[in-house]
Amino acid sequence: MNDMRILERDVDANKVKISAQNCDVYYGDTHAIKDVSVDISDRTVTAFIGPSGCGKSTFLRCLNRMNDTIDVCRVTGDIRLDDQNIYDSRVDPVQLRAKVGMVFQKPNPFPKSIYDNVAYGPRIHGLARNKADLDEIVEKALRRGAIWDEVKDRLHAPGTGLSGGQQQRLCIARAVATEPEVLLMDEPCSALDPIATLQVEELIDELRRDYSVVIVTHSMQQAARVSQKTAFFHLGSLVEYGETGQIFTNPKDERTESYITGRIG
Amino acid sequence: MTDASANTATGLYATDAHIRKRNAAEKRFRLYGLAAVCVGILALIVLMTSILGNGVSAFRQTYVTLNIELLEAKLDKNGNRNIDDIKKVSTFGYAPLIQAGVEAAMAENGIEIEGLTGKQAGGIISKEAAAQLRNFVIANPDAIGTTVEFDVLANAQIDGYFKGRVDRADAELLKTVSPVQLDLSDALLEAGVLRTKFNTAFITAPDASDNRPEAAGLGVAILGSFYMMIVVLVLALPIGVAASIYLEEFAPKNRWTDLIEVNISNLAAVPSIVFGILGLAIFINFAGLPQSAPIVGGLVLTLMTLPTIIIATRAALKAVPPSIRDAALGVGASKMQAVFHHVLPLAAPGILTGTIIGLAQALGETAPLLLIGMVAFVREYPAGPPEGFFDPASALPVQVYNWTQRADAALVERASGAIIVLLVFLLIMNVAAIILRRRFERRW
Ligand SMILES: Nc1ncnc2c1ncn2[C@@H]1O[C@H](COP(=O)(O)OP(=O)(O)OP(=O)(O)O)[C@@H](O)[C@H]1O
Ligand SMILES: [Mg+2]
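Protein chains in written order, with our numbering: chain G, 1 to 265; chain P, 266 to 709.
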């Protein structure tokens, strides 16, 4: 956090990829997200930070309509991807999710082989013309997930037989295999050791060249290391949103300051 | 040192009254549990020994090997082998031939029994034998005039004598068998003319009337039960699974789906006889389907089995972790793809188990079948599928009921035998369920 280099990190003035305006989310009577407005830039890593239960995951799930699967969940407001309202009735949420990929908080590999885990998305979207193509996609995705070396000899072993950290990287590989435009990552490194974390962070940095990445993290260092923009959530509201360097060195809101210095959390 | 010894008093080795009481309670509970298991096992053992003790003998049957002369004078008076004339000779016409056959066997082996009339000698043979002979002659008219060796059934009382069901004291009292006949049977057994062997006819033959219980078999009942199971499987499995998938994965959770859920649970608790009344009213009286037909039985049992399958399938679907669905949706699978590619394979073992348990329940169900007329006395095998589904047939549990109703010791023995057959089928189904479940689970 005291690493001053983060100040020098350039933030591209990229175009807005996802724009959320006046977003509210209710779980039944619980008001989980309160009037949140955020512009997420293209080719940028945006970090969501905040204490547990403040609604980071909930807001993230709004961005690819995963909340649709929760019966009691109701989303209001305006969320646009490339200027198109993703909650428009004409939008097919399945198509949206192919464009906005997701890595979940808990690793959830399919109870199938490692190969099939990664190949599933490309298969259903018809991204591979033949077996060789698919093999290539799978290898590339596993390399980007920083897990290729560990699993290349047992691609047909069950994905559920991997360790927790390996499973999470497999899930990351699975998510990037479908070539999404936006990648939502909900605490992707919470189960990883420092080396794997570093690999995933490198991956995130690399993904930034082509995609927009949104990452939820409890590690302030990680947010500072990988992100260009940071949003601080507290009790369902967006308290502060800005360039990462500014948030960590010169927060405007005193709640942000308390959180990043460890006084609330 | 004194400190240390004081410590041990309150340390890990010491037990106070509270702990002793807790330990005693745990020990007591374990004993209760063990006792409960023992009572269950004891009940099972008593049941099995009584069924096996009564029923195993049904799988053996006493046969007599006779050389019977098919006299032309009796069977084909005109001597022109006209099949229509031959058919005119009823089974009564064959009885004297059988009696002659027994007498011939006695003469051949030098058996002489005091006070045995010729009629009594012929009487040790089942009435079924005459029908057996007649069918043979109609099929082979050229055999008339020759002597043919037949394996014929012994009378049920003679059979019972060798199985210990009838003894000499009974024979003194009974009108259907006399001690001299038992003497004859003993002599024939010694001569090797009379034998007890495995009773394949019990599995394959159709039911028989009261005056020839030795010929009664389960053929029609097994076939009827088999047809009904096919109907149930073909209808209940797809309908049940489709309904469960819809309710569990797609239907909105609202008052209507709650109502449906409650109704399905209630349906599972409805007494089976009610389904019989329903079947009688709808399938027979309204839709005009034939009585006693496996199709109607199958439809009624389908109605009964559906709730079981739906409840089991929904439980299996619920047990699939939601994170799997999230994972599939997260990579852009549609809801249907998520269900069919990921959820259903994981739920398959549970669905299979539920289905087979439902089928096993249906196989053992009696009450609704009585109402739709499956208790009728059926001697004709139903035709092959699909017409056979509309032919009258019996069913295994109904056959058991039927035989126990007919107050003949020989049939009661057969009822126990039929129970064994039923249990074997249930066992096979349960083993199949276990094997299938293992098979599917190995695919993680
Ligand atoms: N499925 C749900 N049903 C009802 N309430 C929910 C559901 N999911 C989350 N919530 C509530 O919404 C609020 C925000 O939850 P959310 O999971 O978004 O928190 P979070 O910021 O991701 O926390 P963490 O850092 O611990 O993952 C919490 O108060 C939680 O209780
Ligand atoms: Mg979360």
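By construction, the Cβ of each residue, glycine as well, lies at the ideal position given by its N, Cα and C atoms.
This one's a predicted model, so the numbers in the text were calculated from it and none came from an experiment.
Query	Result
Going by beta-carbon coordinates alone, are residue 248(G) and residue 54(G) separated by less than 8 Å?	no
What does the Cβ neighbour count give for residue 479(P), buried or exposed, with the cut at 16 atoms within 10 Å?	buried
Comparing the CB of residue 54(G) with every heavy atom of ligand 1, is any distance shorter than 7 Å?	yes
Check the Cβ-Cβ distances between residue 67(G) and every residue of chain P, and say whether any is below 8 Å.	no
Going by alpha carbons, who is nearest to residue 93(G) out of 200(G), 155(G) and 66(G)?	66(G)
List, in chain order, every chain G residue whose beta-carbon is nearer than 9 Å to that of residue 588(P).	104, 106, 107 and 108
Would you say residue 211(G) lies against chain P (beta-carbon separation less than 8 Å)?	no
Under 9 Å, CB to CB, which of the residues in the stretch 560-593 of chain P have a partner in chain G?	586, 587, 588, 589, 590, 591, 592 and 593
Are residue 642(P) and residue 472(P) touching if we call contact CB-CB under 8 Å?	yes
Determine whether the beta carbon atoms of residue 176(G) and residue 214(G) lie at a separation below 8 Å.	no
Given residue 498(P), which residues of its chain have a CB within under 7 Å of its CB, disregarding the five upstream and five downstream residues?	624
Could you tell me whether any Cβ in chain G is nearer than 8 Å to the Cβ of residue 292(P)?	no
Ligand 2 and residue 95(G): does the residue's C-beta get closer than 7 Å to at least one heavy atom of that ligand?	no
Looking at C-alpha atoms only, which residue of 674(P), 683(P) and 293(P) is the closest neighbour of residue 429(P)?	674(P)
Any beta carbon of chain G sitting closer than 8 Å to that of residue 599(P)?	yes
Under 8 Å, Cβ to Cβ, is there at least one residue of chain P near residue 215(G)?	no
Hey, residue 572(P) and residue 529(P): beta-carbon distance below 8 Å or not?	yes
If you draw a straight line from the alpha carbon of residue 342(P) to that of residue 398(P), how long is it in whole angstroms?	17 Å
Classify residue 189(G): buried if its beta carbon has 16 or more other beta carbons within 10 angstroms, exposed otherwise.	buried
Using the C-alpha atoms, what's the distance from residue 110(G) back to residue 594(P)?	12 Å
I'd like the ranges of any beta strand (DSSP E) spanning at least 3 consecutive residues and lying wholly in the stretch 444-516 of chain P.	459-463
Quick check on residue 121(G) - is its C-beta less than 8 Å from some C-beta in chain P?	yes
Can you list, in chain order, the residues of its chain with a C-beta nearer than 8 Å to that of residue 62(G)? Leave out the 5 residues immediately preceding and following it.	20, 23, 25, 33, 75 and 79
Tell me the rounded alpha-carbon separation between residue 197(G) and residue 629(P).	60 Å
Count the other C-beta atoms from every protein chain shown that fall within 10 angstroms of the C-beta of residue 521(P), then say buried if there are 16 or more, exposed otherwise.	exposed
Do you know offhand how far residue 68(G)'s Cα is from residue 46(G)'s?	23 Å
From the beta carbon of residue 18(G), is the nearest beta carbon of chain P less than 8 Å away?	no
Kindly indicate if chain G contains any beta-carbon less than 8 Å away from that of residue 266(P).	With a pLDDT of 45 at residue 266(P), under the threshold of 50, the predicted position of this residue should be treated as unreliable, though the coordinate-derived value follows. Taking Cβ atoms only, chain G never reaches closer than 8 Å to residue 266(P), which makes this a no.
What does residue 71(G) touch in chain P if you count any residue whose Cβ is under 7 Å from its own?	518
Can you check whether the C-beta of residue 182(G) is within less than 8 Å of a C-beta belonging to chain P?	no
Exposed or buried, which one is residue 9(G) when buried takes at least 16 other CB atoms within 10 Å?	Note that residue 9(G) has pLDDT 46, beneath the 50 cutoff, so the model's placement of it is unreliable and the number below is only indicative. It is exposed - the Cβ of residue 9(G) has fewer than 16 other Cβ atoms within 10 Å.
When you compare only the Cα positions, how much space is there between residue 250(G) and residue 243(G)?	10 Å
Which one or two residues does DSSP pair with residue 229(G) in a beta bridge?	46(G) and 243(G)
Return helix, strand or coil for residue 101(G), following the three-state DSSP convention.	strand
If we ignore side chains and look at the alpha-carbon of each, how far apart do residue 235(G) and residue 49(G) end up?	12 Å
What is the residue span of the beta strand (DSSP E) that residue 79(G) lies within?	73-81
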